[in-house]
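Just so we're aligned, residue 1 is where the sequence shown starts under the UniProt record's numbering, counting upward by one. Every residue gets a Cβ at the ideal spot worked out from N, C-alpha and C, and that includes glycine. Only a predicted model underlies this, so the values are computations on that prediction, with no experimental measurement involved. Below you'll find the structure, written out as structure tokens, and then a few comments.
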Amino acid sequence: MSSKASSKEKKSGLGKKLFRRGSVRSVGSFMSRVLKTLSTLSHFGSELQPPEGEKDDGGFAAFKNEGKGSVASDDSDCGGFLSRDKVPGVAGLKNHGNTCFMNAILQCLSNTELFAEYLALEQFRGQTEEEDKPKANGVPRKEKGEVTEQLAGLVRALWTFEYTPQQSREFKSAVAKRAMQYRGNAQHDAQEFLLWLLDRVHEDLNNMGHNRPSIKPPIEEDDGALEGPSPPLSAGSFVQELFQAQYRSSLTCPHCQKQSNTFDPFLCISLPIPLPHTRPLYVTVVYQGKYSHCMRIGVAVPLNSTVSRLREAVSRETKIPPDQFVLTEMYYDGFHRSFCDDDDDLDIIQESDSIFAFETPETFKLESLRSKRGSLLANLNQNNLKFGNDSSRTPSFMQGAVNPASPNKNAGADKMILLICNRACIGHQGRRFGLPFVLYMERTVTWDVLQKAILEKMHHLLRQGVYIQVGPFSLRVVGVVGITYLLPQEEFPLCHPTVERAYKSCGAGGPPHVKIVVEWDKETKDYLFGHTEEEYIPDAESVYLHREQHHQPQACTLAQCFQLYTKEEQLAPDDAWRCPHCKQLQQGRIKLSLWTLPDVLILHLKRFRQEGDRRVKMQNMVHFPLVGMDMAPHMVKRSQSSWSLPSHWSPWRRPYGLGRNPDDYLYDLYAVCNHHGNMHGGHYTAYCKNSIDGQWYCFDDSEVQPMADEDVCQQTAYILFYQRRATIPSWSANSSVAGSTSSSLCEHWVNRLPGSKPPSLASGASSRRTSLASLAESMEFPGDRSEDDGEKRVYGAYYSAWFSILCLVYYVHILYFLYLSQCFFVILGACGT
Ligand SMILES: [Zn+2]
1 MSSKASSKEK KSGLGKKLFR RGSVRSVGSF MSRVLKTLST LSHFGSELQP PEGEKDDGGF
61 AAFKNEGKGS VASDDSDCGG FLSRDKVPGV AGLKNHGNTC FMNAILQCLS NTELFAEYLA
121 LEQFRGQTEE EDKPKANGVP RKEKGEVTEQ LAGLVRALWT FEYTPQQSRE FKSAVAKRAM
181 QYRGNAQHDA QEFLLWLLDR VHEDLNNMGH NRPSIKPPIE EDDGALEGPS PPLSAGSFVQ
241 ELFQAQYRSS LTCPHCQKQS NTFDPFLCIS LPIPLPHTRP LYVTVVYQGK YSHCMRIGVA
301 VPLNSTVSRL REAVSRETKI PPDQFVLTEM YYDGFHRSFC DDDDDLDIIQ ESDSIFAFET
361 PETFKLESLR SKRGSLLANL NQNNLKFGND SSRTPSFMQG AVNPASPNKN AGADKMILLI
421 CNRACIGHQG RRFGLPFVLY MERTVTWDVL QKAILEKMHH LLRQGVYIQV GPFSLRVVGV
481 VGITYLLPQE EFPLCHPTVE RAYKSCGAGG PPHVKIVVEW DKETKDYLFG HTEEEYIPDA
541 ESVYLHREQH HQPQACTLAQ CFQLYTKEEQ LAPDDAWRCP HCKQLQQGRI KLSLWTLPDV
601 LILHLKRFRQ EGDRRVKMQN MVHFPLVGMD MAPHMVKRSQ SSWSLPSHWS PWRRPYGLGR
661 NPDDYLYDLY AVCNHHGNMH GGHYTAYCKN SIDGQWYCFD DSEVQPMADE DVCQQTAYIL
721 FYQRRATIPS WSANSSVAGS TSSSLCEHWV NRLPGSKPPS LASGASSRRT SLASLAESME
781 FPGDRSEDDG EKRVYGAYYS AWFSILCLVY YVHILYFLYL SQCFFVILGA CGT
């Protein structure tokens, strides 16, 4: 390898970083700990105490357990040592340019205990292959199993402190060789990569000939209603053995109630995240009144609903009857869309849209309203409008108002609702000013009366002492094709055919109305109203409420995701299926359920989904259990007789209580792949629980930090890795059965790596930590070594030293035992008297 020299340099640099303690000093330190432990024990009598924090470990103590006690339970006799040292498996991976998706998955797999053991101990290698294996330094990777070989080497390196960036680079290029999509430095989906990698390893294992022939299950499931799956035809692999199980999709005919089942394998369950049920919309309500009065309110509308639901929500919030307001859209330049069909899909309205609800007069209040307006008009005429001294302008507006020439006879029957906004125009550019308002006018109203009514609504904006001439503005009718203006020359402007057309074109939602933009030329507007702009509209409490409620991503539980996954759904009419019993098309009910469970259960949260033509990420918090997830509720309910049948049949599987053991459905979390960010930019990290010290670590490319258990469940969680409690190996710190005992931890696969310790000590009670320590110390040894013979040389140099240490440890134990038994006799003696 050309980069051998540089990689060696890096390696030694890395080694220095990983092991800051000299090997000799380490031995001394260990000895001093043993002695301290002894003195502590003698001091505290029979109470077992872990050694207190020590001053002499050269800052090493800071490495882990910062402010948390989860590992403090590590009070076994070989416990105190590693808790202050580097832990195998806790090593970062270099980012080779957007490879965080790869790194996060590698860390999750490296902490998949049985998989890591299988890979690192190269259990995939057949006996004959072992012999064929060249002893050369550079391991010639067989082309056919290159990805698996690289993966195995990488996992092994992570657990033996041998990792160099060169290894992950080689792994990446092996992957790229096999899959076009992983060439280059693009970001990829971690779940897709995980599935690709598992599939690749499965293929590699089969190619290596280390698969086992598929055999028939020992007992056929034969349960009338529940047909069991047919055994797989292809050969299995360790990947399938560990990760694969089956789900059942059942179709039930609504007519004959007969059920048809199909069974499919899965390596990973993609769980849907329940969508929030509502979303917020913000609506500016234009209230009726003498002057325009507006308030912005917030409402929650159901997802996938219609405009009628928005109408109901606004009505509930404002107490305005649902048929007594018009929904429309307005921006700075005037009216935009109208929402006049209550059956329209509400998806046409987005949260950011500026929606207005114009309160309209009640029909039965018509008469009183008219009289009220009449009195207001009189009031307006007498007091409010002060016309300037500019006598050159004809006060025809006044005349028109004084002389109501309009034929008002059949007024109540023929009135029209007008939604009005003001716009100051320069050329074609216009900007709304003041507040929009509603007028309720007789159709046969004259221009003068209409003008007066409009000005009345704007009176509070008028500058003092200005003079208004007839037709200071033009009226533009909205909602018809082309631009139509009503001019002061019109005798009855609201009788104009365009108005009639606009009025009739209103949909059924809300009362019929006509939208009119009062257009002022900029000069006139400035003269009459000064620099009035769009008016301030206050927000109601409900705006803050809904903003707060909906902008926090909604939370759910993993169990709810499972419920959604296994929820029975009716087929759409287009998807109708031919029932084999009725022999005709039926809209069957389809339901997914889990038929079997794998030992390692990978759950993928479907955070990315298609929304129209864009992909969005759901940032919802999904609460998931760290320990004891019970999968039983999500399994196919089987008849009593079938419980006794093995749910798995596998030539590899260890027997672990067939069917009836409730632990079969209990799972503990050991790794999480997180996705941070959104569709535009993201980053992957992994949280993994170490099988030696039982501590959670955050793996962020090359950075690794210990983390608290309570920080593991985050809304970034993307892929969850659970392992069946009943199959957690006893050597694992995660094992609830025997993990806490030192003798079982001494069986950890790391100890079984070639050359990691003398076999004669394998069952030694306190050899777990020491052999791990020896592994660590070996890294201190200067000089590179090959995978095979180098190790033995290195370890050989240490065996004698370690052996004497172990002898001392045993000696300490014997002393301690003697001390305890002495205490025991003393107590006995005390009881006797
Ligand atoms: Zn049927």
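Measure from the alpha carbon of ILE719 to the alpha carbon of each residue in VAL478, TRP595, TYR670, then state which is nearest.
Counted from its first residue, the sequence shown places residue 719 at position 719. With distances taken between Cα atoms, ILE719 lies closest to TYR670.
Chain-ordered list of residues that sit, by beta carbon, closer than 7 Å to a heavy atom of ligand 1:
Contact residues of ligand 1 (beta-carbon closer than 7 Å to any heavy atom; chain order) are CYS253, HIS255, CYS256, LYS258, CYS579, HIS581, CYS582, GLN586.
State the CB to CB distance for the pair ARG248 and SER593, rounded to an integer number of angstroms; the pair is presumed to be in contact (CB under 8 Å).
Start at 1 with the first residue of the sequence shown, and residue 248 comes out as number 248. Start at 1 with the first residue of the sequence shown, and residue 593 comes out as number 593. Taking C-beta atoms under 8 Å as the contact rule, ARG248 and SER593 qualify, at a distance of about 5 Å.
Buried or exposed: which applies to ALA686, given that a residue is buried once 16 or more other Cβ atoms fall within 10 Å of its Cβ?
The residue you call residue 686 lines up with position 686 of the sequence shown. Burial of ALA686 is indicated by the presence of at least 16 other C-beta atoms within 10 angstroms of its C-beta.
If you reduce the DSSP assignment to three classes, tell me which class CYS256 lands in.
Taking the first residue of the sequence shown as position 1, residue 256 is located at position 256. Looking at CYS256 - three-state DSSP - the assignment turns out to be coil, as it is neither helix nor strand.
Taking buried to mean at least 16 other C-beta atoms within 10 Å of its own C-beta, is GLU442 buried or exposed?
Position 442 of the sequence shown, counting from 1, holds the residue named residue 442. By the neighbour-count rule (16 or more Cβ atoms within 10 Å), GLU442 is buried.
My guess is that LEU564 and PRO274 are in contact by the Cβ rule of under 8 Å, so how many angstroms apart are they, rounded?
Locating residue 564 in the sequence shown gives position 564, where the first residue counts as 1. Locating residue 274 in the sequence shown gives position 274, where the first residue counts as 1. Between PRO274 and LEU564 the Cβ distance is about 5 Å, and since that is below 8 Å, they are a contact.
What residues in its chain sit with their C-beta under 6 Å from that of CYS294, if we drop five residues either side in the sequence?
For the purposes of this step, residue 294 is identified with residue 294 of the sequence shown, where counting begins at 1. Closer than 6 Å at the Cβ level, and outside the excluded window around CYS294, lie THR284, VAL286, LEU435, ILE537.
Measure the alpha-carbon distance for TYR485 versus PHE356 and round it to whole angstroms.
Taking the sequence shown and counting its residues from 1, the one referred to as residue 485 is at position 485. Taking the sequence shown and counting its residues from 1, the one referred to as residue 356 is at position 356. Our two residues, TYR485 and PHE356, have alpha carbons roughly 23 Å apart in a direct line.
Can you tell me which residues form a DSSP beta bridge with THR328?
By one-based count along the sequence shown, residue 328 stands at place 328. When beta bridges are read from the DSSP output, THR328 appears opposite SER338, PHE356.
Quick test of the definition: if touching needs 3 or more C-beta pairs under 8 Å, does the segment 579–596 touch the segment 241–258?
Segment contact: the segment 579–596 against the segment 241–258, three or more CB-CB distances shorter than 8 Å; contact assigned.
Pairwise C-alpha distance: PRO598 and GLN259:
For the purposes of this step, residue 259 is identified with residue 259 of the sequence shown, where counting begins at 1. For the purposes of this step, residue 598 is identified with residue 598 of the sequence shown, where counting begins at 1. Straight-line Cα distance between these residues: approximately 25 Å.
Relative to the C-alpha of GLN723, which candidate in ALA424, ALA152, LYS689 has its C-alpha closest?
Residue mapping note: residue 723 aligns to position 723 of the sequence shown, counting from 1. Out of ALA424, ALA152, LYS689, LYS689 has the C-alpha closest to the C-alpha of GLN723.
When you compare the segment 330–349 with the segment 289–308, are there three or more beta-carbon pairs, one atom per stretch, that lie closer than 8 Å?
They touch, by the three-pair rule.
Select from CYS698, GLN715, GLN714, CYS713 the residue whose C-alpha is nearest the C-alpha of ARG707.
Position 707 of the sequence shown holds residue 707. The identity of residue 707 in the sequence shown is Met, whereas the question assumes Arg. Ranked by Cα distance from MET707, the first of CYS698, GLN715, GLN714, CYS713 is CYS698.
Sequence-distant residues of its chain with Cβ nearer than 8 Å to ASN379 (five each side left out):
The sequence position of residue 379 within the sequence shown is 379, counting from 1. Bear in mind that the predicted position of ASN379 carries a pLDDT of just 42, short of 50, making it too unreliable to give a figure here.
Residue(s) in a DSSP beta bridge with ASP345:
The count along the sequence shown starts at 1 and reaches residue 345 at position 345. Its beta-bridge partners are THR306.
Unbroken alpha helix (DSSP H) run spanning GLN705, endpoints:
Residue numbering aside, residue 705 sits at position 705 when the sequence shown is read from its first letter. In the DSSP annotation of this structure, GLN705 is not part of any alpha helix (DSSP H); the continuous beta strand (DSSP E) holding it starts and ends at 703–707.
Would you mind working out which of SER542, LEU605, HIS634 sits nearest LYS567, comparing C-alpha positions?
Indexing the sequence shown from 1 puts residue 567 at position 567. Of the residues SER542, LEU605, HIS634, the one whose Cα lies closest to the Cα of LYS567 is HIS634.
Would TYR684 pass as a contact of ALA190 if the rule is Cβ separation under 7 Å?
Translated into the one-based positions of the sequence shown, residue 684 becomes position 684. Translated into the one-based positions of the sequence shown, residue 190 becomes position 190. For TYR684 and ALA190, yes; Cβs fall inside 7 Å.
On a Cα-Cα basis, can you pick out the residue from LEU119, TYR544, VAL90 that is closest to PRO280?
Sequence index remark: in the sequence shown, residue 280 carries index 280 (1-based). Ranked by how close their Cα comes to the Cα of PRO280, the residues LEU119, TYR544, VAL90 have TYR544 in first place.
Looking at VAL517 and ARG423, is the spacing between their C-beta atoms short of 7 Å?
Here residue 423 is taken as the residue at index 423 of the sequence shown, counted from 1. Here residue 517 is taken as the residue at index 517 of the sequence shown, counted from 1. Yes, the Cβ-Cβ distance between ARG423 and VAL517 is below 7 Å.
Report buried or exposed for GLY682, applying the criterion of at least 16 other Cβ atoms within 10 angstroms of its Cβ.
On the sequence shown, residue 682 is found 682 positions in, with the first residue counted as 1. Buried, because 16 or more other Cβ atoms sit within 10 Å of the Cβ of GLY682.
Let's test the definition: count the other Cβ atoms within 10 Å of the Cβ of ALA555 and tell me whether it reaches 16, buried, or not, exposed.
Sequence index remark: in the sequence shown, residue 555 carries index 555 (1-based). Its Cβ having fewer than 16 others within 10 Å, ALA555 is exposed.
Taking the straight line between their C-alpha atoms, what separation do you get for SER168 and TRP196?
Counted from its first residue, the sequence shown places residue 168 at position 168. Counted from its first residue, the sequence shown places residue 196 at position 196. Cα to Cα, the separation comes out at about 17 Å.
Sub-7 Å separation of GLY471 and LYS515 beta-carbons
Here residue 471 corresponds to residue number 471 of the sequence shown, with the count starting at 1. Here residue 515 corresponds to residue number 515 of the sequence shown, with the count starting at 1. At a Cβ-Cβ threshold of 7 Å, GLY471 and LYS515 do not count as neighbours.
Within its chain, find whatever has a CB closer than 7 Å to the CB of VAL301; leave out the 5 residues flanking it on each side and keep chain order.
Along the sequence shown, one-based indexing puts residue 301 at 301. If we look at VAL301 and ignore the five residues flanking it on each side, its Cβ neighbours are THR278, ARG279, LEU281, ARG309, LEU310, ALA313, LEU346.
Flag this pair as yes or no: are the beta carbons of GLY298 and HIS546 separated by less than 7 Å?
Within the sequence shown, residue 298 is the residue found at index 298, counting from 1. Within the sequence shown, residue 546 is the residue found at index 546, counting from 1. Less than 7 Å divides the Cβ of GLY298 from the Cβ of HIS546.
From ASP323, ILE417, CYS495, ASN678, residue whose alpha carbon lies closest to that of TRP447:
Within the sequence shown, residue 447 is the residue found at index 447, counting from 1. If we check each option's Cα against that of TRP447, CYS495 comes out closest.
Tell me whether TYR163, by its Cβ, gets closer than 6 Å to a heavy atom of ligand 2.
Absent from the structure shown: ligand 2. Ligands present: ligand 1.
For the candidate residues GLN714, GLY694, GLN715, whose alpha-carbon lies nearest to that of GLU113?
Taking the first residue of the sequence shown as position 1, residue 113 is located at position 113. Nearest of GLN714, GLY694, GLN715 to GLU113, Cα basis: GLY694.
I'd like the list of long-range same chain contacts for SER315, defined as Cβ closer than 6 Å, with 5 residues on each side in sequence excluded.
Reading the sequence shown from its first residue, position 315 is the one you call residue 315. If we look at SER315 and ignore the five residues flanking it on each side, its Cβ neighbours are PRO322.
Using only the alpha-carbon positions, how far apart do TYR527 and ASP414 sit?
Within the sequence shown, numbered from 1, the residue matching residue 527 stands at position 527. Within the sequence shown, numbered from 1, the residue matching residue 414 stands at position 414. Distance from the CA of TYR527 to the CA of ASP414, rounded to the nearest whole angstrom, comes to 35 Å.
Does DSSP put ASP700 in a helix, in a strand, or in coil?
Numbered from 1 along the sequence shown, position 700 holds the residue referred to as residue 700. Here ASP700 sits in strand by DSSP.
From THR329 to HIS336, what does the alpha carbon distance come to, in whole angstroms?
The count along the sequence shown starts at 1 and reaches residue 329 at position 329. The count along the sequence shown starts at 1 and reaches residue 336 at position 336. For the record, residue 329 in the displayed sequence is Glu; it is not Thr. Straight-line Cα distance between these residues: approximately 5 Å.
Report yes if the CB atom of VAL155 is closer than 7 Å to the CB atom of VAL201, and no otherwise.
What you label residue 155 is simply residue 155 of the sequence shown in a count that begins at 1. What you label residue 201 is simply residue 201 of the sequence shown in a count that begins at 1. If you check the CB distance, VAL155 and VAL201 do not come in under 7 Å.
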